[in-house]
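Protein sequences, first through last, are from chains A, B and C.
Going left to right, the first sequence walks through residues 38 to 294 as the working numbering numbers them.
Going left to right, the second sequence walks through residues 23 to 273 as the working numbering numbers them.
Going left to right, the third sequence walks through residues 6 to 209 as the working numbering numbers them.
In this text, a Cβ means the ideal position worked out from N, Cα and C, and glycines have one as well.
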Amino acid sequence: MEILDEIKKDYVRDLLQKGKRADDRKLDEYRKITLERNPLSSAEGSAICRLGNTQVLVSAKIDAVEPFADRPTEGVLSTNCELLPLAFPAFESGPPSEDSIELARVVDRGIRSSETLDLNSMVIEGGEGKVWGVYLDIYVLDYDGNFFDASTLAAMSSLMSASFPKFEDGKVIHEPAKPLGLKSKVVSCTVSNFGDKKVIDPSYDEEIAAESRITIATTEETLCAMQKGKRGSLTKDEVLGLIDIAFQKGAELRAYL
Amino acid sequence: MGGGTNKPVLFVDGKRLDGRDIDELRPIKIKASVLHRANGSCYLEWGENKIMAAVFGPRECIPRHRVDPYSAVINCRYRMSPFASLDEHSKAGPSRRSTELSKVIREVFENVVIGSKYPKTAIDISMEVLQADGGTRCAAITAASIALADAGIPMKDLVCAVAVGKIDGKLAIDFSKIEDNYGNADIPIAVSSRNKEILLLQMDGLMTKDEMSQAMDMAINASDKIHALQVEALKEVYTRKAQDKPDEQVS
Amino acid sequence: MKIVVPGEILVDKPVRMADSYIENGNTYSEVVGLFHETEMRLVALEGAYLPMDEDYVVGVVEEVKFAGYNVEINSPYSAFLSTKDTRFQFEMGDVLFAKVKGVDEVKNVNLFDARKLQGGEIVQISPVKVPRVIGKKSSMLNMLIDATKSEIYVGKNGRMWIKGGDSSLAARSILKIEKEAHMSGLTDRMKDFLQKESGGNNKV
């Protein structure tokens, strides 16, 4: 498999010189997106996002937890990611890889810094100092590139379908009590760069062939997270151009939420 | 296992909490070939259980010292997601329980997979429990069997599995989580579909020999129903692909 | 013709057939496949490539050694090409077309008649579908070559090497054959497809 990657890289680059992609998409076209809301009943919120062949499940599970000692009045948001061995031949069991940690942190940053979830309003009434903890688990089920955008879409969708549970007699009762009161819809747009050619929503083959990658998360109004990846470089003008694209595509993606 | 303080009435007029008879399975939905990257895959819903299983291989066996010159080696990974149950968010990663289950499930498939056809290789089976409601190992085995067939791995037979339990002194098949919590015994059983050979058998709780015999009969009877659903799911893949329809959504 | 699953009885007598086994005088399937009762033939719907003598394969050099090359052939087993058996010099990542010979019981695989394939692209399909890409007496393959004017090398290991002509159409056609391999009337459908697609390109 990996040995074939080298040949695929040349093919992807040759096609792009002609302005084409292997799956006949336009350079700025996303693959087919579907969002399945609330596939799980064991979690407060959940969603499966399919982006072409890439499939990501995100669960948003909410528990009563002790706050961090230095922030006693803030709720807890925790994002974790598993690149499951069933998603890709080279994903392995064991401690989280660099890639999975990066993915979790990029998704977490987008959601956290957007302040869409108001951590200051998550102290539990009558909870003796306990606060709500929202656990986002990102499960990559099938991998064909761009798990960033698929994960952010699924994470956002899972939060939108979640509610805070009830809290009675010192215990959590897993029934919806109060909406999360999200302030905005965070989405991310990932672009692979091949010199002057920019490819939105890269497939796996495009990802490995690209010089660099950038993920830009936005709310309706502002940027909320960015992450550049891979060896290649970008100029300031390129970045600015990509930000415009991220806002434009962001509006498109938000329509799915 | 074990009791709580507020034990619900588990048995009313011969019917169980969810209205099932003693020998009635929960609804089972199986869909094969749901992942594009894996060589074979299966998504299975069994009551409130939701399982994703996938197979990679036969492929090169790594590390090298595990190579069997005469047969394929089988690797199994059974994992419970941290969000699988209504209880609190659990720790990710292997537990002692999932390690044990991975082992006994591997032994099931070592029986039916014809490993001699692919000496020196590895066949990797992954089972992810996305949502749990009692009987996840049996659901995982049932799903993995389909993922193996979907991958084209040669097998003597399909495998199906189901648990029998004891509630209030009565045997009943396919416990849900709540029954499991208050039941007196739990006996997961996996059988080969054709010969009804028992490939996995675990038991905890107090049982007489007669009860064990009855439990095995119940599991074997139920296996025919599960097998029929498995066959249907495998044939559905063929018709789905033949009709050239875009794949439907999972669930 | 019917679809069978592992463990399903094919005939109530012992018959030697690929992907089946005999037990107590009966013959059972080992795989999900199509069983043709009249011809007593079982065709698996999926499966890894097992190298057999006389097969031609498209491989990629994965290691250059002193005495030859380790070649990845889309199989659990890699193959060996001895420097003595080829007049070409290969580097890691080079693509080649070669004949399989001398597979032993522990699946050591040797290659002969290797030829280097330069440029072009590779399409990978399920090895069990390769016979449909070739067709009866190479009819399908010839039709593809006529319509696309591409150079196409078909490996039994499910790997196709394509160069020149309308290579994108050739690649899409092969993937379409893979997807519809088990449907009847495939040849006619491919004829229509090729006509429509190549006609469409001419207009552009």
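| query | result |
| --- | --- |
| Burial state of P216 of chain A (16 or more Cβ within 10 Å) | exposed |
| Bridge partners - T143 of chain B, DSSP secondary structure assignment | B:E82 |
| Cutoff 8 Å: Y26 of chain C Cβ touching any chain B Cβ | yes |
| Beta-carbon neighbours of A53 of chain C, restricted to chain B and to distances below 9 Å | N61, G79, P80, R81, Y140, T143, A173, G174, I175 |
| Inter-residue Cα distance where the pair is L57 of chain B and T91 of chain A | 9 Å |
| Residues bridged to T261 of chain B [DSSP beta-bridge criterion] | Answer is none; T261 of chain B lacks a bridge partner. |
| Alpha carbon of K125 of chain B to alpha carbon of R92 of chain C, nearest angstrom | 50 Å |
| Nearest-angstrom Cβ-Cβ length linking G125 of chain C and I167 of chain C, presumed shorter than 8 Å | 6 Å |
| Any C-beta of chain C under 8 Å from that of K267 of chain B | Because K267 of chain B sits at a pLDDT of 43, beneath the cut-off of 50, its placement in the model cannot be relied upon, and the following sentence gives the value as read from the coordinates. K267 of chain B does not count as touching chain C. |
| C-alpha distance - K222 of chain A paired with Q129 of chain C, whole-angstrom precision | 40 Å |
| Beta-carbon proximity of V100 of chain C to I44 of chain A, cut-off 8 Å | yes |
| Exposure of L66 of chain B, with buried meaning 16 or more beta-carbon neighbours within 10 Å | buried |
| Expected contact under 8 Å - CB spacing of A76 of chain B and A169 of chain B to nearest Å | 6 Å |
| Residues near N75 of chain C in its chain [Cβ-Cβ closer than 7 Å; skip 5 each side] | E67, E68, S83, F85 |
| Distance between beta carbons of L108 of chain B and R159 of chain B, contact taken as under 8 Å | Contact doesn't hold; Cβ gap of about 19 Å is too wide. |
| Residues, ordered as in the chain, of the stretch 209–228 of chain B that lie near chain C by beta-carbon distance below 8 Å | S214, S215, R216 |
| Beta strand (DSSP E) runs contained entirely in the stretch 141–229 of chain A, provided each spans 3 or more residues | 168–179, 200–205, 208–216 |
| Cβ neighbour criterion (16 or more within 10 Å) applied to G174 of chain B | buried |
| Cβ-based contacts, 7 Å cut-off: residues of the stretch 245–261 of chain B near chain C | V253, L256, K257, Y260 |
| Range of the contiguous beta strand (DSSP E) that encloses G266 of chain A | 260–266 |
| Close-in-space but distant-in-sequence residues of the same chain around G26 of chain B (CB under 8 Å, 5 per side omitted) | Summary for G26 of chain B: the model assigns pLDDT 47, below 50, so the residue's position carries little reliability; its value from the coordinates is reported in the next sentence. Around G26 of chain B: N203, Y204. |
| Nearest-angstrom Cβ-Cβ length linking S34 of chain C and V10 of chain C, presumed shorter than 8 Å | 7 Å |
| Where the beta strand (DSSP E) through V76 of chain C begins and ends | 73–77 |
| Buried/exposed call for P30 of chain B, threshold 16 Cβ in 10 Å | exposed |
| C-beta contact flag for A106 of chain B and L123 of chain A at 8 Å | no |
| Cβ pair count under 8 Å reaching 3, the stretch 102–120 of chain A against the stretch 79–90 of chain A | no |
| Enclosing alpha helix (DSSP H) for P136 of chain C [first to last residue] | 135–139 |
| Terminal residues of the beta strand (DSSP E) in which N115 of chain C lies | 114–122 |
| Bridge partners - N31 of chain C, DSSP secondary structure assignment | C:E28 |
| Test: E126 of chain C CB closer than 8 Å to a CB of chain F | Here chain F cannot be found, since the structure's protein chains are A, B and C. |
| Straight-line gap, P202 of chain A to K98 of chain A (C-alpha atoms, nearest Å) | 10 Å |
| Three-state secondary structure assigned by DSSP to I85 of chain A | strand |
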